[in-house]
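Colleague: Going down the list, the protein sequences come from chains W, Z and H.
Throughout the first sequence, residue numbering follows the working numbering, covering 37 to 353 in sequence.
Throughout the second sequence, residue numbering follows the working numbering, covering 37 to 353 in sequence.
Throughout the third sequence, residue numbering follows the working numbering, covering 37 to 353 in sequence.
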Amino acid sequence: MKHFTSIKQLGDLKEALAEAAYVKANPFADQALGRNKTVLLVFFNNSLRTRLSTQKAALNLGMNPIVLDINQGAWKLETGRGVVMDGDKSEHILEAIPVMGSMCDMIGVRSFARFESRDDDYNEVILNQFIQYAGKPVFSMEAATRHPLQTFADIITIEEHKTKARPKVVMTWAPHPKALPQAVPNSFIEGMSMTDYDFVIANPEGYDLAPEFVGNAKVTHNQDEALAGADFVYAKNWAPYREDIYGKVVNYDMGWTVTAQKMALTNDAFFLHCLPVRRNMIVSDEVIEGPRSLVIPEAANRVVSAQTVLKRLLQAL
Amino acid sequence: MKHFTSIKQLGDLKEALAEAAYVKANPFADQALGRNKTVLLVFFNNSLRTRLSTQKAALNLGMNPIVLDINQGAWKLETGRGVVMDGDKSEHILEAIPVMGSMCDMIGVRSFARFESRDDDYNEVILNQFIQYAGKPVFSMEAATRHPLQTFADIITIEEHKTKARPKVVMTWAPHPKALPQAVPNSFIEGMSMTDYDFVIANPEGYDLAPEFVGNAKVTHNQDEALAGADFVYAKNWAPYREDIYGKVVNYDMGWTVTAQKMALTNDAFFLHCLPVRRNMIVSDEVIEGPRSLVIPEAANRVVSAQTVLKRLLQAL
Amino acid sequence: MKHFTSIKQLGDLKEALAEAAYVKANPFADQALGRNKTVLLVFFNNSLRTRLSTQKAALNLGMNPIVLDINQGAWKLETGRGVVMDGDKSEHILEAIPVMGSMCDMIGVRSFARFESRDDDYNEVILNQFIQYAGKPVFSMEAATRHPLQTFADIITIEEHKTKARPKVVMTWAPHPKALPQAVPNSFIEGMSMTDYDFVIANPEGYDLAPEFVGNAKVTHNQDEALAGADFVYAKNWAPYREDIYGKVVNYDMGWTVTAQKMALTNDAFFLHCLPVRRNMIVSDEVIEGPRSLVIPEAANRVVSAQTVLKRLLQAL
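(1) Rank H:256, H:76 and H:248 by C-alpha distance to the C-alpha of residue 144 of chain H and give the top, closest one.
(2) Over the uninterrupted alpha helix (DSSP H) stretch that includes residue 228 of chain H, give me the two end residues.
(3) Taking a contact to mean a Cβ-Cβ separation below 8 Å, would you say residue 79 of chain W touches residue 345 of chain W in this structure?
(4) I want to see whether chain W comes within less than 8 Å of residue 317 of chain H, judged by CB atoms only; does it?
(5) Tell me whether residue 143 of chain Z sits in a helix, a strand or coil according to DSSP, three-state version.
(6) For residue 332 of chain Z, return the contacting residues in chain H, with the cut-off set at a CB-CB distance below 7 Å.
(7) Determine which residues of the segment 204-220 of chain H have a Cβ less than 8 Å from any Cβ of chain C, and write them out in chain order.
(8) Please report the straight-line C-alpha distance between residue 241 of chain W and residue 260 of chain W, rounded to a whole angstrom.
(9) Answer yes if the segment 192-208 of chain Z comes into contact with the segment 225-237 of chain Z, meaning at least three C-beta pairs across the two stretches below 8 Å, and no otherwise.
(10) Among W:161, W:347, W:139 and W:192, whose alpha-carbon lies nearest the alpha-carbon of residue 148 of chain W?
(11) Between the Cα of residue 258 of chain H and those of H:58, H:278 and H:209, spot the shortest distance and give me the residue it belongs to.
(12) Along the chain, where does the beta strand (DSSP E) that runs through residue 58 of chain W open and close?
(13) Can you find the residues in the same chain that come closer than 8 Å, C-beta to C-beta, to residue 303 of chain H, ignoring five residues on each side of it along the sequence?
(14) Report the neighbours of residue 108 of chain Z on chain H: residues whose CB is nearer than 8 Å to its CB, in chain order.
(15) Let me know if residue 280 of chain W comes out buried or exposed under the rule of 16 or more other beta-carbons within 10 Å of its beta-carbon.
(16) Measuring straight from C-alpha to C-alpha, what distance separates residue 53 of chain H and residue 192 of chain H?
(17) Determine contact between the segment 324-343 of chain H and the segment 81-89 of chain H, defined as no fewer than three beta-carbon pairs at a distance below 8 Å.
(18) At a Cβ threshold of 8 Å, is residue 77 of chain W touching chain H?
(19) Pull up the DSSP beta-bridge partners for residue 207 of chain Z, would you.
(20) Pairs of beta-carbons, one from the segment 299-319 of chain H and one from the segment 121-138 of chain W, closer than 8 Å: are there three or more?
(21) In the DSSP assignment, the beta strand (DSSP E) including residue 184 of chain W goes from what residue to what residue?
(22) Return the Cβ separation of residue 219 of chain H and residue 181 of chain H in integer angstroms, given the expectation that the two are a contact with Cβ distance under 8 Å.
(23) Mind checking which residues open and close the beta strand (DSSP E) that includes residue 101 of chain H?
(24) Kindly say whether residue 339 of chain Z, judged by its beta-carbon, lies nearer than 8 Å to any beta-carbon of chain H.
(25) Can you check whether the CB of residue 238 of chain H is closer than 8 Å to the CB of residue 277 of chain H?
(26) CA-CA distance, residue 69 of chain H and residue 63 of chain H?
(27) Between which two residues does the alpha helix (DSSP H) holding residue 69 of chain W run?
(28) Tell me which residue opens and which closes the beta strand (DSSP E) that residue 254 of chain H is part of.
(29) Does any residue of chain Z have a CB that is nearer than 8 Å to the CB of residue 64 of chain W?
(30) Please confirm whether residue 281 of chain Z has its beta-carbon closer than 8 Å to some beta-carbon of chain W.
(31) Between the segment 154-173 of chain W and the segment 134-141 of chain W, are three or more C-beta pairs nearer than 8 Å?
(32) Between which two residues does the alpha helix (DSSP H) carrying residue 176 of chain W extend?
(33) Output, in chain order, the set of chain H residues within a Cβ distance shorter than 9 Å of residue 289 of chain Z.
(34) Between which residues of its own chain and residue 243 of chain H is the CB-CB distance below 6 Å, once the five residues before and five after are set aside?
(35) Among Z:326, Z:248 and Z:190, which residue has its Cα nearest to the Cα of residue 272 of chain Z?
(36) Going by DSSP, what residue range makes up the beta strand (DSSP E) through residue 78 of chain H?
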């Protein structure tokens, strides 16, 4: 594995899950691999779980993490080509990326969708420039269209809790006051396509995700129907993908909030969410604090997910 | 020691001081204890000494420190229960805390009094939620009502410089342009109650501290009287505790500034302050730069204080 | 070497270059030197290269780096003497510096020219207070008048690429929308004075640098004349030194931008710049992306430069 930007790059999922289980049981076993290796964590956007879990994963592997918040203490970066840089941006990303690459052994990048241009977002303009110019392995800490370290942690968590070979997993849209990227749901769909779970997507009309991600997955606009018999409910908000309303909040339907009443439709499903979560918008207090909520072990598995991926990147150096 | 939120949790003070002296003389002796242990330092407020000294203490112990500034690069946290989170706060502290806990071995928290509600401050709403939900040992890096790592450093410093068994120690209020929390003075009183020093508190009327902290300590509203014969002068501003003026600046009396003239009333006293200090408000240039000022060795002892506490927390893991 | 604030403190340049070459070839050879040593990196200003390269250099040497951004999460610092601190600055640099010094083994400081007073800038008011009060070795990570770690990296890069004993090196001013400090050009002149290169400075009238730095260096106001036959072109903007226009943008002449046409005047010169660089102001896309651009290897040598200096400071502890 040279770079890690999509869950599909894990290859055989069973093997990856076995590796993750090993890493979880033996967190400090591979420190020889990471000795004198530095991982640079570049944040264009806020982060809590990714910030902490990737540092912890690196430290477990004996690596040196260096955190760089681009908007705090570095220079504002120009990303366009051919620009006369007479404004507030002091540095071009075409210099910044290879410089960063020259000072570390691998680079993690967080760069959210900006919702200025769907094409720019879906072409992963920032992430791909890192891959092209860093000269070092690049891994996504959530890019415009995918969040594979999250998806891997999600699947690890489902595997740890499933009680049947082929659980029903429902990813349901839920309301949120601001427009959120599609990286998490896109990536979760990719992950689900690597399993044989019974997977269903539920979202309001207008909120269908990009066809290139949805593929053959089942989609319904009826949340209750989707939830019936679910073993896992994966809640998430996302803004519309449809060109004319891309990145806009057009639906704020509190009828989609995941409440105890909604969960009663399921097969006593576990509740999953990538966090951060808006309580009483996405999910009620009762559900997220309830005994079937897995949000904390799911977040804790972010360390396992990151460590498994960093270990592979180290092995491929 | 499971958590560390009050100086009283040190138990026997003589024993703790002996441990501190050992740590100071042998800063790198206990690195086996800290190996592969990660301490997360969570700052809701600014910090210089605490930020540096706690990192240094952790490194001395062979630990990995991870710093998290909540207001820089993480998500704004909701702290209220039952809130519909449709505003600017993306994450609830009830998720954030256990997530943080799942990614480290212990957590330091800095969370100042907010002066919005005396009850909230004195109930230590933030710190206690960390203790309740982190699932890991929690230590205070200054909370709403106490700053025990500071107090321990203060006492270490007094012990290093006292020339009599029972020195007279005066904690005096001094003027400041903004309302400051009562954590440092409250905590200092707690610390003094563990010694047999001759301890006196001097503050203007209206500035009496919380009775639950003051206890049986001597309090006077006459600074000059208090300073007479003092061996140590501990200067500090705090905002009023009294309900009707809680957290407000009602007195700006420059007659309380600790000047050379004031120090002349003492028994050639040493000058102490926790820093940061407003020069020529709290204390004159002359006094803080003078030969009896201990503010720098006092700050340097913050490493010793933190390292002694972290060592105990490691031993109890 | 006790402190490092000027390239001249390297002493014999050939020896320093040999050490740098050794460090570059054996980055992890000296970790015994740095064991249990902490370097504090204090930033009053933004940084990308210096932030990353100094951390990497310290890690390569087995040291613990601690980064402190003064304007993010610490206290605003008062720098004037005798001030009644009743404004927005909570701490005086006279306390902050020795406190920082007490918590580390050496201190790097970035403190740019402020352009408020030429005398204050050229007296290095901030840096010199660190040297006076920190009680620990201090090194410049770019101060008001010099950037010696940059200059050392520049010379290492020239040495690696020169194809004749005495290359012609031209430092040329180029336009920029904001007023920039003179630290890089001043320091580069100092560095050039330690070599026997054929060195020429080209800048518009009104932009002559401080005589104390220029010394006997050749200066021309005709860029084309300077570029003729150049082997290395070092582009840089700086604001005027002249008292009446100190720190102001008085010339925005795009005729000084380093373009392919300009480079055609040279002896197929290599292009150097310290970065960050404003594209199509300082230099055209074509030149900076061209095969003779050395800006990335030059930046990468910042690790080598910093590591060589930190190693010397460690050896002198």
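Every residue, glycine too, gets a C-beta built ideally from N, C-alpha and C.
Modeller: Reading off the structure:
(1) In the third sequence, residue 144 of chain H corresponds to position 108, counting from 1. Of the listed residues, the one whose Cα sits closest to residue 144 of chain H is H:76.
(2) Residue 228 of chain H sits at position 192 when you count from the first residue of the third sequence. Start and end: 219-228.
(3) Here residue 79 of chain W refers to the residue found at position 43 when the first sequence is read from its first residue. Here residue 345 of chain W refers to the residue found at position 309 when the first sequence is read from its first residue. No, they are not a contact pair.
(4) Within the third sequence, numbered from 1, the residue matching residue 317 of chain H stands at position 281. It does; some Cβ of chain W falls within 8 Å.
(5) As a working mapping, residue 143 of chain Z is identified with position 107 in the second sequence. Residue 143 of chain Z falls in the strand class under three-state DSSP.
(6) By 1-based counting over the second sequence, the position of residue 332 of chain Z is 296. The contacting residues are 134, 135 and 138.
(7) Although the question refers to chain C, the structure presented lacks it and instead comprises the protein chains W, Z and H.
(8) Position 205 of the first sequence, counted from the start, is the residue given in the question as residue 241 of chain W. Position 224 of the first sequence, counted from the start, is the residue given in the question as residue 260 of chain W. When rounded, the distance between both Cα atoms is 14 Å.
(9) yes
(10) What you label residue 148 of chain W is simply residue 112 of the first sequence in a count that begins at 1. Out of W:161, W:347, W:139 and W:192, W:161 has the C-alpha closest to the C-alpha of residue 148 of chain W.
(11) Stepping through the third sequence from its first residue, residue 258 of chain H is reached at position 222. Per the Cα distances, H:209.
(12) For the purposes of this step, residue 58 of chain W is taken as the residue at position 22 of the first sequence. Premise fails: residue 58 of chain W lies in the alpha helix (DSSP H), 49-61, not in any beta strand (DSSP E).
(13) Mapped onto the third sequence, residue 303 of chain H falls at position 267. 204, 265, 266 and 267, listed in sequence order.
(14) Walking along the second sequence from the start, residue 108 of chain Z turns up at place 72. Within chain H, the residues near residue 108 of chain Z are 108 and 109.
(15) Translated into the one-based positions of the first sequence, residue 280 of chain W becomes position 244. So residue 280 of chain W ends up on the exposed side.
(16) For the purposes of this step, residue 53 of chain H is taken as the residue at position 17 of the third sequence. For the purposes of this step, residue 192 of chain H is taken as the residue at position 156 of the third sequence. C-alpha separation (whole angstroms): 7 Å.
(17) yes
(18) As a first step, residue 77 of chain W is located in the first sequence; it is residue number 41 there, counting from the start. No, residue 77 of chain W does not count as interfacial toward chain H.
(19) On the second sequence, position 171 is the one that residue 207 of chain Z refers to. Answer is Z:237 and Z:270, bridged to residue 207 of chain Z.
(20) yes
(21) Position 148 of the first sequence, counted from the start, is the residue given in the question as residue 184 of chain W. Note, residue 184 of chain W: premise wrong, no beta strand (DSSP E); alpha helix (DSSP H) at 184-197.
(22) Working through the third sequence from its first residue, we reach residue 219 of chain H at position 183. Working through the third sequence from its first residue, we reach residue 181 of chain H at position 145. Contact flag correct, Cβ pair sits at about 6 Å.
(23) In the third sequence, residue 101 of chain H corresponds to position 65, counting from 1. Residues 100-105.
(24) Numbered from 1 along the second sequence, position 303 holds the residue referred to as residue 339 of chain Z. Cβ-Cβ to chain H under 8 Å: yes for residue 339 of chain Z.
(25) Along the third sequence, one-based indexing puts residue 277 of chain H at 241. Along the third sequence, one-based indexing puts residue 238 of chain H at 202. Not a contact, by the Cβ cut-off of 8 Å.
(26) Working through the third sequence from its first residue, we reach residue 69 of chain H at position 33. Working through the third sequence from its first residue, we reach residue 63 of chain H at position 27. Cα-Cα distance, rounded: 13 Å.
(27) For the purposes of this step, residue 69 of chain W is identified with residue 33 of the first sequence, where counting begins at 1. 67-70 is the span of the alpha helix (DSSP H), which, as asked, contains residue 69 of chain W.
(28) Here residue 254 of chain H corresponds to residue number 218 of the third sequence, with the count starting at 1. Segment 254-256, the beta strand (DSSP E) holding residue 254 of chain H.
(29) Taking the first sequence and counting its residues from 1, one reaches residue 64 of chain W at position 28. Cβ-Cβ to chain Z under 8 Å: yes for residue 64 of chain W.
(30) Position 245 of the second sequence, counted from the start, is the residue given in the question as residue 281 of chain Z. Closer than 8 Å: no.
(31) yes
(32) Reading the first sequence from its first residue, position 140 is the one you call residue 176 of chain W. Not the alpha helix (DSSP H): residue 176 of chain W falls in the beta strand (DSSP E), residues 174-176.
(33) Along the second sequence, read from residue 1 onward, the residue named residue 289 of chain Z stands at position 253. Those within 9 Å of residue 289 of chain Z in chain H number zero; the least Cβ separation is about 13 Å.
(34) If you number the third sequence from 1, residue 243 of chain H lands on position 207. So the list reads 209 and 276, once near-sequence residues are dropped.
(35) The residue given as residue 272 of chain Z occupies position 236 in the second sequence. Selected option, being the one with the closest Cα: Z:190.
(36) Sequence index remark: in the third sequence, residue 78 of chain H carries index 42 (1-based). Residues 74-79.
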